[in-house]
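Position in the sequence shown (from 1) plus 8 gives the number in this note's numbering. Single-structure report; data block below.
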Amino acid sequence: MSDYTLTIEGKACAADKTFGVINPATEEVFAQAPDASKADLDAAVAAANAAFPAWRDTPLEDRKAALNAMADRVDAEVDSMAEVLVHEQGKSLANAQFEVRGTAMWLRASAATDLPTEVLSDSETQRVELRRRPLGVVGAITPWNFPLLLSIWKVGPALVTGNTMVLKPSPYTPLTVLRFGEIVREVLPPGVLNVVSGGDDLGKWMTDHSDIHKISFTGSGPTGKKIMASAAGSLKRITLELGGNDPAIVRGDANPSEIAGPIFNMAFQNSGQVCGAIKRLYVHDDIYEDMCEALVEKAKEKTVGNGMTAGTDFGPVQNKMQYDIVCDLAKSAKEDGGRFLIGGEPTEGTGYFFPLTLVADLTDGNRLVDEEPFGPILPIIRFTDDDDVVARANDTTFGLGGSVWSADTERATQMAERLDTGSAWVNQHFDVSPFLPFGGVKESGMGVENGPWGLAEFTSSQVLNIKKG
Ligand code: NAD
């Protein structure tokens with residue numbers, strides 16, 4: 009029996025089976041989530057298909073009003089949803105509240121973003137317009153690091169452009185998204201937003217489903233590749249937001265004590281479980297030791313613990329699979345002669361806790377530098393030459409984001425322009441907003457989310473060409 013229900017055709021649905029959801033701070037199963045069957049998915053897709061024509065034809069202003077009403081519902085539930093989020097994800101209560109509030113903010117931002125018809129030509133003889141039409145039923149498949157917010161990056165744009173949706177959260181963190189489905193049921197016409205939870209098989213059934221017209225996916229690269237192959241069967245449109253191994257390059261003219269704070273935050277936010285976190289820090293030889301020291305000071309100020317405990321800054325790694333990856337990469341760094349400035353050994357006791365860890369004296373070729381740890385561990389790599397470091401930063405299959413830090417903004421900008429990444433930041437990292445496009449190149453994904461560019465991903469273009477006279 010689960011306290012949480014699927015949302016199908018605007019109604020609560022219990023699945024025949026349930027699965028346990030683990031609190032990563034205690035390793036205990038603290039709740040059961042409905043395990044949707046293929047028949048449940050078929051019902052959700054059928055409901056979304058049936059709801060599509062009327063939702064597509066609903067005036068844009070009414071669709072926008074629905075998004076704003078959803079945001080109001082979320083705002084009214086910040087405290088209760090944030091507690092569930094801490095229990096299933098592990099993050100601190102303050103960060104969970106930030107994510108829930110961000111969800112409401114992002115819904116309102118989607119409602120405020122327009123994708124107007126473009127007039128391509130207008131003469132005495134012809135008028136040509138580029139129009140945007142919704143695709144139909146969108147399947148959204150999301151990860152466990154920001155379960156609610158990354159789902160809403162898809163829900164807002166898909167619904168405001170006139171699509172209907174079947175949303176599937178990660179099996180590690182299904183509860184906050186299921187709760188979201190429950191609280192917005194009365195705001196939307198039945199079938200416009202369906203929420204189903206289950207295992208990875210459920211995702212596969214979605215990508216195979218002939219009545220789903222687009223898959224918007226955020227998650228790992230290997231799953232992204234499977235989704236692309238599966239979507240080919242019915243030529244579904246896809247947007248893939250995948251993993252990253254973001255480099256940050258700190259030039260020798262930067263001031264370590266000034267930039268240690270933002271660099272630390274962008275490496276360790278959400279315990280490093282952020283797609284666009286700093287995952288490789290290249291520091292010029294001239295300021296290498298000073299930068300290491302300044303970062304260690306930042307790490308010492310922070311507390312790792314249960315997200316519900318007052319004073320906790322960082323929670324555990326979200327699940328055992330990811331925890332094992334982080335432990336393994338730390339081991340490999342040790343074997344390759346990495347100098348552990350702080351942290352490094354898994355915390356003894358219950359929970360998937362790993363300390364904030366900074367590793368110096370590693371270089372490219374070590375697994376901790378080359379692979380995405382997605383956890384609270386950062387390698388700091390020495391460099392001496394600008395061109396060489398840009399080449400090393402680009403020598404990867406990843407291409408999500410990257411940054412250059414320097415007192416010389418012009419020089420840093422020239423270097424940032426040469427990063428093979430979807431986003432390149434100067435003297436900042438991972439500055440994302442609902443109004444700026446975000447996405448990866450190379451194996452970090454295809455397509456973008458957010459802003460009018462993100463809305464366009466949920467539409468097909470139609471050229472309307474009218475002869476005059
Ligand atoms: P994951 O790929 O294991 O799972 C993501 C989702 O895909 C889950 O809902 C899962 O059930 C589903 N899934 C698994 N197998 C599937 C299949 N064969 N077909 C369809 N769906 C399937 O990823 P994760 O471990 O949950 O998330 C961590 C990864 O996500 C990291 O690599 C991280 O960098 C990446 N990520 C990227 C972004 C971005 O915007 N680029 C944002 C957050 C996380």
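Even for Gly, the Cβ is constructed at its ideal location relative to N, Cα and C.
{"Check": "What are the start and end residues of the beta strand (DSSP E) that includes E8?", "Outcome": "Because the chain in this structure spans residues 9 to 477, residue 8 falls outside the shown range and cannot be described."}
{"Check": "Note down the Cα distance separating G147 from S242, rounded to an integer number of angstroms.", "Outcome": "13 Å"}
{"Check": "Which two residues bound the contiguous alpha helix (DSSP H) that contains P1?", "Outcome": "As shown, the chain starts at 9 and ends at 477. That puts residue 1 outside it, with no answer to give."}
{"Check": "What did DSSP end up calling K310 once you bin it into helix, strand or coil?", "Outcome": "coil"}
{"Check": "Could you tell me if R187 is buried or exposed, where buried requires 16 or more neighbouring beta carbons within 10 angstroms of its beta carbon?", "Outcome": "buried"}
{"Check": "Is DSSP giving Q470 helix, strand or coil here?", "Outcome": "strand"}
{"Check": "Are there 16 or more other CB atoms within 10 angstroms of the CB of R141, so buried, or fewer, so exposed?", "Outcome": "exposed"}
{"Check": "Under the criterion of a Cβ to heavy atom distance below 6 Å, does K328 qualify as lining the ligand NAD?", "Outcome": "no"}
{"Check": "Taking C-beta to C-beta, are V168 and R71 nearer than 7 Å?", "Outcome": "yes"}
{"Check": "Find the nearest neighbour of G410 within the set D261, E425, S205, judged by alpha-carbon distance.", "Outcome": "E425"}
{"Check": "Roughly how far, in whole angstroms, is the beta-carbon of G447 from the beta-carbon of G459, given that I think they are within contact range, below 8 Å?", "Outcome": "Their Cβ separation, rounded to whole angstroms, is 11 Å, which puts G447 and G459 out of contact at 8 Å."}
{"Check": "DSSP state of V108, grouped into three classes?", "Outcome": "helix"}
{"Check": "Relative to the alpha-carbon of L101, which residue among G357, G323, T358, V185 has its alpha-carbon at the smallest distance?", "Outcome": "G323"}
{"Check": "Ignore the nearest five residues each way along the sequence and tell me which others in T111's own chain have a CB closer than 6 Å to its CB.", "Outcome": "V82, L156, L157, I160"}
{"Check": "Does the region 210-225 come into contact with the region 53-61, if we say contact requires no fewer than three beta-carbon pairs (one atom in each stretch) closer than 8 Å?", "Outcome": "yes"}
{"Check": "Using 10 angstroms around the beta-carbon of G357, count the other beta-carbons present and answer buried if the total reaches 16, otherwise exposed.", "Outcome": "exposed"}
{"Check": "Out of curiosity, what's the CA-to-CA distance linking A318 and F276?", "Outcome": "19 Å"}
{"Check": "Answer yes or no: do R288 and G170 have a C-beta to C-beta separation smaller than 7 Å?", "Outcome": "no"}
{"Check": "Helix, strand or coil for G453 per DSSP?", "Outcome": "strand"}
{"Check": "Mind checking whether S452 and G383 have CB atoms under 7 Å apart?", "Outcome": "no"}
{"Check": "Quickly, what does DSSP pair P142 with across the bridge? List them, please.", "Outcome": "T467"}
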